[in-house]
Amino acid sequence: MVRPRSPTSSSYNTMSPRLKLRDLAFFERPVPFARPFRFGAITINATPQLFVRAEIEVEGRGTAVGASAELLVPKWFDKRPELSPAQTVDGLRRSLQIARGLYLAGTGFQTAFDLHASCIGAQVATCAKKNIPALAAAYGPAEIDKAILDALLRAVETSFFDGMAANIAGIDARLSPDLSERDIKTFLSGRSPLQRVAIRHTVGLDDVVEGEGGIADPRENTGACYFKLKLSGDPMADAARLARIGKEIDTLGRDYKVTLDANEQYADLAALQALMERLDHDATLHPIATRLLYVEQPMPRDITRQTPLGALGTRGFIIDEADDSYDAFPAARALGYRGISSKSCKGLYKSIINATRAAKWGAEGETFFVTGEDLTCQAGLAVQQDLALGAFIGVTHAERNGHHYVDGFGEAPAAEAAAFAAAHPDLYLDAGQGIRLNIHNGDLLTGSLNTVGFAASVHPDWSALRPLVQPRSQEQLA
26 MVRPRSPTSS SYNTMSPRLK LRDLAFFERP VPFARPFRFG AITINATPQL FVRAEIEVEG
86 RGTAVGASAE LLVPKWFDKR PELSPAQTVD GLRRSLQIAR GLYLAGTGFQ TAFDLHASCI
146 GAQVATCAKK NIPALAAAYG PAEIDKAILD ALLRAVETSF FDGMAANIAG IDARLSPDLS
206 ERDIKTFLSG RSPLQRVAIR HTVGLDDVVE GEGGIADPRE NTGACYFKLK LSGDPMADAA
266 RLARIGKEID TLGRDYKVTL DANEQYADLA ALQALMERLD HDATLHPIAT RLLYVEQPMP
326 RDITRQTPLG ALGTRGFIID EADDSYDAFP AARALGYRGI SSKSCKGLYK SIINATRAAK
386 WGAEGETFFV TGEDLTCQAG LAVQQDLALG AFIGVTHAER NGHHYVDGFG EAPAAEAAAF
446 AAAHPDLYLD AGQGIRLNIH NGDLLTGSLN TVGFAASVHP DWSALRPLVQ PRSQEQLA
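Residue numbers (the working numbering): 26 to 503.
So, in structure tokens, the structure goes:
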């Protein structure tokens, strides 16, 4: 595992370098969970992690290899009840395969964003013909884009933070006509990455609430001052559980904030209204209601697009699963939503575009925001690249639960975990139970992410990975 030289922001000019994609390879590794993670309508005990290896040729710079990683999470991108969890993971694999064909078909040198923009429309359309929803369709390009960007940053010997501030990828407004080129360049050039990002501790629907192993147990919450509480979609049951959680968090003796996430489980506006009325008027929910920052994706994505929030729009609601296109944030804004999540699994360029929008709209006098949410990002590439993206766009606290549901580096070889820990000593620590995420008083430090490449000085041990499993069927169920 070769460690590149320290980044230099002056190692390339302000023009975005052009590249050709030479090769794309997909791998995966099993990830057993240390405890079940129940959210929405799924309980996960294990799922594979994807790894992408991209080889590019940069005009005048030669070739370089980049990498990315992300869990293949069942029943999040595609929650259709008629599909099994395994079928929804196969949908993500198909998304990757379709995207690979489109990306490799590109000819000539072009910027990284040129390549993304030229493929994303055909990707969504092709996936739709195979009955793969738009959110799952975006997964393939999202993971490929990260690996290409990693290779590009390595080729020009600069870091993600410096490279993106100089718009190394060539991001423009062709996919976001509500913005101007100036809006994007102004946002990028003005970025000052956060040195610390607070973790928001996830409380899944099967997680222990009280006592040992519960929310107030410092071994579980790792000093967090932010908590993300999963909802079931049943207003009465959710209110009762939130009251228990609020009572426990109140014992921590520190200021805290909470967010709620329904993962599309509230059937309609009436059910959501019932929960919000309980939060407003039930004294047992006072610890939650007075510290609530926002409610994430309460209703199914299709209903979300058709349902104005009305009077509820005065509260902070954000979309997550409904964010499946470049115009999702403006559409949600028109319905009364105030924010949108950033997840690198949905596309790093879309996160940057949405953060640009929030900044522009905020300058016009209204409050809009981008939040950091987690796809159970695993130690190594996945958590580092997602953390860097959030730190760059200004996400001060982000959901982080990969360390909560998976034991350290999981099934990764010990040498691979040790290499990441040596290269990023502010992020990982071995306190006698294996290498794990190093959380400093509830925060993650980003200093070591400021290295050549996309937030990682090392790559995984490719020889320890298996090729991506071939999907069993060619199309999702109709």
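Beta carbons are placed, not taken as given, at the ideal position from N, Cα and C, and that holds for glycine.
Worksheet item: Distance, Cα to Cα, ASP348 vs TYR164?
Response: 12 Å
Worksheet item: Are at least three pairs of beta-carbons, each pair with one atom in the stretch 120–135 and one in the stretch 37–56, less than 8 Å apart?
Response: yes
Discussion item. Can you tell me whether THR39 is buried or exposed? The criterion is at least 16 other CB atoms within 10 Å of its CB, across all chains shown.
Written reply: Bear in mind that the predicted position of THR39 carries a pLDDT of just 49, short of 50, making it unreliable; the figure below should be weighed with that in mind. Label assigned to THR39: exposed.
Worksheet item: With respect to the alpha helix (DSSP H) encompassing LEU117, which residues constitute its N-terminal and C-terminal limits?
Response: 110–129
Practice prompt. Take LEU97 as the anchor and find which of LEU178, GLY91, LEU121 has the nearest alpha-carbon.
Written response: LEU121
Worksheet entry | Per-residue burial, ASP280 [other beta carbons within 10 Å of its own, 16 or more giving buried] | exposed
Worksheet item: For GLY195, which three-state DSSP category applies?
Response: coil
Worksheet item: Which of helix, strand or coil does DSSP assign to TRP487?
Response: helix
Discussion item. Would THR471 and LEU213 be called neighbours here (beta carbons separated by less than 8 Å)?
Written reply: no
Worksheet item: Quick one: what's got a C-beta closer than 6 Å to PHE162's C-beta in the same chain, skipping five residues either side?
Response: According to the sequence displayed, residue 162 carries Ala and not Phe. Cβ within range, chain order: SER120, GLN148, VAL149, CYS152.
Discussion item. Comparing C-alpha positions only, which one of ARG244, ASP352, GLU273, GLN410 sits nearest to ARG330?
Written reply: ASP352
Item to complete: Would you mind working out which of ARG326, TRP101, ARG125, PRO492 sits nearest ALA172, comparing C-alpha positions?
Response: ARG125
Worksheet item: Can you name the start and end residues of the beta strand (DSSP E) that HIS226 belongs to?
Response: 221–228
Worksheet entry | Rounded straight-line distance, which links the Cα of ALA142 to that of SER482 | 28 Å
Item to complete: Could you please give me the residues that DSSP links to HIS422 through a beta bridge?
Response: ALA223
Worksheet entry | SER35 versus PHE186: straight-line alpha-carbon distance, rounded | Low confidence applies here, because SER35 scores a pLDDT of 36, under 50, leaving its location unreliable; read the following figure in that light. Each residue's Cα considered, the two are about 13 Å apart.
Discussion item. Please report the distance separating the alpha-carbon of LEU490 from that of ALA50.
Written reply: 11 Å
Worksheet item: Can you name the start and end residues of the beta strand (DSSP E) that ARG461 belongs to?
Response: 460–462
Worksheet item: How close, in whole Å, do the beta carbons of SER217 and VAL477 come, if the pair is a contact with beta carbons under 8 Å?
Response: Contact flag wrong, Cβ pair sits at about 20 Å.
Worksheet item: To the nearest angstrom, how far is it from the Cα of SER201 to the Cα of GLY91?
Response: 27 Å
Item to complete: Answer yes or no: do PHE393 and GLY372 have a C-beta to C-beta separation smaller than 8 Å?
Response: no
Item to complete: Alpha carbon to alpha carbon, how far is PRO485 from PRO474? Give it in angstroms, no decimals.
Response: Per the sequence shown, residue 474 should be read as Leu rather than Pro. Using only the alpha carbons, I get a separation of about 16 Å.
Fill in: Those residues which DSSP pairs with ALA249 across a bridge
Partner(s): none; ALA249 has no beta bridge.
Practice prompt. May I have the straight-line CA-CA distance separating TRP487 from PRO73, to the nearest angstrom?
Written response: 15 Å
Worksheet entry | Reference ALA407, options LYS368, LYS385, LEU304, ILE270, closest by Cα | LYS368
Item to complete: State the Cα-Cα distance for the pair ILE377 and ILE209, rounded to the nearest angstrom.
Response: 8 Å
Worksheet item: What residue from VAL222, MET261, ARG78 has the CA that sits closest to LEU304's CA?
Response: MET261
Worksheet item: Which residues in the same chain as PRO355 place their Cβ atom closer than 8 Å to its Cβ, once the five residues preceding and following it in sequence are excluded?
Response: ASP203, ARG382
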